[in-house]
Each structure stands twice: as structure tokens, then as C-alpha cells.
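Residue numbers for the sequence shown follow our numbering, so the first one is 375 and each next one is one higher. Where a beta carbon is used, it is the ideal one built from N, C-alpha and C, also for glycine. See below for the structure under consideration.
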Amino acid sequence: MTAKDEPEMITHDEITEMIRNATQSVFSMMLGIDLESCDSFVEEDPPGPSEGVLALIGLAGTWAGSGTFSCSAEMARKISSALLMAEYESINDEVLDAIGEVTNMVLGNVKTSLEEKLGPMGLSIPTVVYGRNFTTRSMAKASWSVVPFKLGGETIKVHLCLAPSRETPKIKSAGEHGRAFLTLMQ
């Protein structure tokens, strides 16, 4: 692989800055909420058991990975109340949809920033999980950049795990496929 063909690299600090800017912008503009930014860190191992609300989005392009937005159930209700201008006493479909939408806005803005450096990317629709004692993990062996924020004594976290996409295998000739097929049939 020539230097020209090698994937562009990105640092934890660059990812942190993108997440901070996107999260604070969405919370300020869409929710009228100012978040306190905390020190970011890198998480090598999958996080332990969680509880609350977690929304997950996949990213795909020359780099691929996952991003998550997580908070307590109480914080999810507060965020949803600010977004939808209604009070929520419990977690329901509207609250989960609102957290999915906030996640989509935050990580969509992060994706736009990433594309300036890493090229075009696709973004999946959010999957939102609510409960207690659940564990999330990624099949990727890459580390996670974690950017926490404080609001009213509670913590909101945005995680991002990115790695260069695997090379697409070259298409084999018909003869090579035939041998593989015959080998499997024997």
C-alpha cells in the first residue's frame, strides 16, 4: 500500500473535539440547555453493566464504527421534555424516540465533521435500549473515545469507536470459486 493509499488517521483529541462541539451545539440550539464538558478518556475494554437509556448508531465508510449516547432514565425524561415541550413522568415510546432523535442529531453532526477528514460515511438509524444491568460491546477491537458531560449533577456520555474499514477482498475468478465449491462438496 502506498502512502497515498493509506487511510487518513484521526486522533482521540480530534474525535473528542468533534463530539464536544456537536453535543454542545445540539443541546444549546435544540434544547436550550448548556452542558458542562468533562475530561474525555479512552476506554479499551467494553463497559461493564449499564442502566438507563442508551442509543446506538453505526457509521460506515472508509472508516467504520459505532457511536452511543447514554444517560439515566431521569435525564432521558428531562431531555425529552425539553425537546418535545411536554412533561414525562416515566420512560415511554416518546421519550425513547426523543433520545434516538437527539442521538441522531449529535452523531450526525459528528459524522459530518468526520467526513471532512475521513471521507464519506453512512449513518444508521438509532437503536435505543432502556433497562438495567445490560452490557454493550462492539465486534471491533478498536478503543472507544468517551466524552462525558454534566447537567444538574448527572452525567451524559457520548462514546465513539472508529477503525479503518477492512479491505474489500478481490473477486475471485470463476475457476477459483469452482475449486472452493468442489472442496466444500467433497
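Proximal residues to G435 (C-beta, below 8 Å), its chain only, five neighbours per side dropped: Your numbering for residue 435 matches position 61 in the sequence shown. Same-chain partners within the cutoff: E489, L492, G493, P494, M495, G496 and S539.
Exercise. Kindly indicate which three-state DSSP category E388 falls into: helix, strand or coil?
Key: Within the sequence shown, numbered from 1, the residue matching residue 388 stands at position 14. Helix, per DSSP.
- Task: Please work out which residues of its chain come closer than 6 Å, Cβ to Cβ, to Q398, disregarding the five sequence neighbours upstream and downstream, and give them in chain order.
- Result: By 1-based counting over the sequence shown, the position of residue 398 is 24. Leaving aside the five residues that flank Q398 on each side, the residues in its chain whose CB is nearer than 6 Å to its CB run, in chain order, L409.
Euclidean distance between Cα positions of A554 and S498: Looking up residue 554 in the sequence shown gives position 180. Looking up residue 498 in the sequence shown gives position 124. Confidence in A554 is poor, its pLDDT being 36 and thus under 50, which makes the residue's placement unreliable; the coordinate value appears in the next sentence. Their Cα atoms are separated by approximately 34 Å.
- prompt: Terminal residues of the continuous beta strand (DSSP E) containing S519?
  reply: Here residue 519 refers to the residue found at position 145 when the sequence shown is read from its first residue. Segment W518 to L525, the beta strand (DSSP E) holding S519.
- prompt: Given that a residue counts as buried once 16 or more other Cβ atoms are within 10 Å of its Cβ, and exposed if not, what is G526?
  reply: Here residue 526 refers to the residue found at position 152 of the sequence shown. The residue is exposed, with fewer than 16 neighbouring Cβ atoms inside 10 Å.
### Within 8 Å, strictly: CB atoms of E620 and C445
Past the edges of the chain, shown from 375 to 560, lies residue 620, and the structure says nothing about it.
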